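Peer 1: 57 is the number of the first residue of the sequence shown in my numbering; add one for each residue after it.
Below is one structure. I have some questions about it.
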Amino acid sequence: MEKVILVLNAGSSSLKFSVFALPAAGSMHPVAVGQIEGLGTAPRLKVKDGAGERMVDEQWDMSEVATHAQALQRIAGLLRSRFQGSVLAGVGHRVVHGGPEYSAPLLITPAAMTRLETYVPLAPLHQPHNLAAIRAVQEVQPDLPQVACFDTAFHRSQDIVGQLYGLPYEYYERGIRRYGFHGLSYEYIATTLPSVAPEIASGRVVVAHLGSGASMCAIHDGRSVTSSMGFTALDGLLMGTRPGNMDPGIVLYLLQQEGLSAKEIEDLLYKRSGLLGLSGIGNDMRVLLASDAPRARLAIEHFVYRISRELGALAAVLGGLDALVFTAGIGENSARIRQLVCEKASWLGVEIDEAANEQGSLRISRTGSRVSAWVVPTNEELMIAHHTRKLLAL
Ligand code: AMP
């Protein structure tokens, strides 16, 4: 029987999953990609097959599917009926935080779960849901091997100087340090470059992961040197609904002068800021680009400004720059944003090829450009599937 791997990415009200087939000959490929949205309110399952054709689209009764465990029961039922000739050999999870210690994927054991629980305070909005999904699989199929793949792991190659904050050193020891996120995306790009762009793979590369969450990573010879995200995924670039890097004094001001509670500040910083907060229109870059509203334009200008500022900082840490790579929803799909970013990076030696950029070519810089520019689609699910396959020796 053909083996398959299930990849799970659990959020607060959503559960994304992919099923990868592991043929005896040939490469691993997705045979189903789906998501359950509206967990706890109006759950809806949508699944496509490997060719992108619709397999399932159904609305569920909230009283029957309110938790991750119930959602997984449904997914397990679907997999059993659709893939009768296959055997589920393992599950790979996206787990946001691997703390200071995990620089590689981890086989789930009771001891590992206890350790991962201790990182909940470091990522209270994400880690509990990631761990809930692991427990839910244990309930459905206790003997199935599971693997945690961390968003922080790729960045553990960074040296201590870059991981420090200027707080008393004991805070570093207590775990208040720059962790960096989107690591599975950056690792995918770093491992893909040797085949798609060998001339830059061992060089000094900045990857801009521009999606609804956005960050940038300085990579040298395939290893993370520093990134724009720090202790939490609030740091760095302007994002869909998060402000990115800002003076911590603002948080004190909101607490002490404006009387906001910690919960209200959390809501402001995670859900009401960024492109949404600046534009007053929305967090979808497509909508903002199509809008004539002055604040939509201002939000886009600030988004690009922050990227160019960060690019300068990351290039300084790398001691120069060989290539700039765009990825994720905005990076892969918006020629306009790529053009604006590349124009602002002309001082570094980036010369954009406008036609190649419009076509969304792999290489979007002119021949002879001192710093080359690229578009490389990311694939975090495939990265998780690779790790799971390797760790479980499938
Ligand atoms: P991700 O988080 O990587 O799925 O990216 C989601 C973001 O990509 C959303 O803000 C979308 O607005 C943005 N996006 C997707 N397609 C496009 C496009 N063609 N132009 C601009 N932004 C896009």
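Here a beta-carbon is modelled for each residue, glycine too, at the ideal position from N, C-alpha and C.
Here the structure is a predicted model, which is why all the values come from computation and not from measurement.
1. For the beta strand (DSSP E) containing Met272, name the first residue and the last one.
2. What residue from Leu316, Gly336, Asn301 and Arg230 has the CA that sits closest to Glu366's CA?
3. Going by Cα to Cα distance, which pick from Ser425, Ala145 and Ser69 is closest to Asp76?
4. Taking any heavy atom of the ligand AMP as the mark, which residues have a C-beta closer than 5 Å to it, listed down the chain?
5. According to DSSP, Gly61 sits in a beta bridge with which residue or residues?
6. Starting from His265, trace the beta strand (DSSP E) in both directions and tell me its first and last residue.
7. Go to Ala189, then tell me how far its alpha helix (DSSP H) extends in each direction, as first and last residue.
8. Quick one: grab the DSSP three-state call for Arg279.
9. Check whether the Cβ atoms of Arg234 and Thr282 lie closer than 9 Å to each other.
10. Within a Cβ cutoff of 7 Å, which residues of the same chain sit near Ser284, ignoring the five residues on either side of it in sequence?
11. Of all the beta strand (DSSP E) runs that stay within the bounds of the segment 63-131, which reach a length of 3 or more residues?
12. Can you say whether Asp117 is buried or exposed, counting buried as having 16 or more other CB atoms within 10 angstroms of its CB?
13. Pick helix, strand or coil for Gln219, following the three-state DSSP scheme.
14. Judging by CA-CA distance, which residue of Ser421, Ala411 and His442 is the nearest neighbour of Gly405?
15. So is Ser280 buried or exposed if we call it buried at 16+ other beta carbons inside 10 Å?
16. For Pro184, count the other beta carbons within 10 Å of its own beta carbon; 16 or more makes it buried, fewer makes it exposed. Which is it?
17. What residues in its chain sit with their C-beta under 7 Å from that of Val307, if we drop five residues either side in the sequence?
18. Per DSSP, Cys205 is paired with what?
19. Can you name the residues that DSSP bridges to Val406?
20. Taking the beta carbon of Thr208 as the centre, do at least 16 other beta carbons fall within 10 Å, making it buried, or is it exposed?
21. In this structure, what does DSSP give as the bridge partners for Arg419?
Peer 2: By the coordinates alone:
1. Ala270 to His276
2. Considering only alpha carbons, the answer is Asn301.
3. Contrary to the premise, residue 76 reads as Phe rather than Asp in this sequence. Nearest of Ser425, Ala145 and Ser69 to Phe76, Cα basis: Ala145.
4. Gly267, Ser268, Asp340, Met341, Arg342, Ala384, Gly385, Ile386, Asn389 and Ser390
5. Per the sequence shown, residue 61 should be read as Ile rather than Gly. In DSSP, Ile61 forms a bridge with Phe76 and Gly146.
6. Arg260 to Leu266
7. Taken as a continuous stretch (DSSP letters only), the alpha helix (DSSP H) holding Ala189 covers Gln183 to Val196.
8. Arg279 sits in a strand when the DSSP states are folded into three classes.
9. yes
10. Ser271, Met272, Asp291, Gly292, Leu293 and Glu366
11. 71-78, 85-93, 100-105 and 110-115
12. exposed
13. helix
14. Checking every option, the nearest Cα to that of Gly405 belongs to Ser421.
15. buried
16. The residue in question, Pro184, is exposed, as its Cβ has fewer than 16 Cβ neighbours within 10 Å.
17. Ile321
18. Arg150
19. Val427
20. The C-beta of Thr208 has 16 or more other C-beta atoms within 10 Å across all chains shown, which makes the residue buried.
21. Trp430
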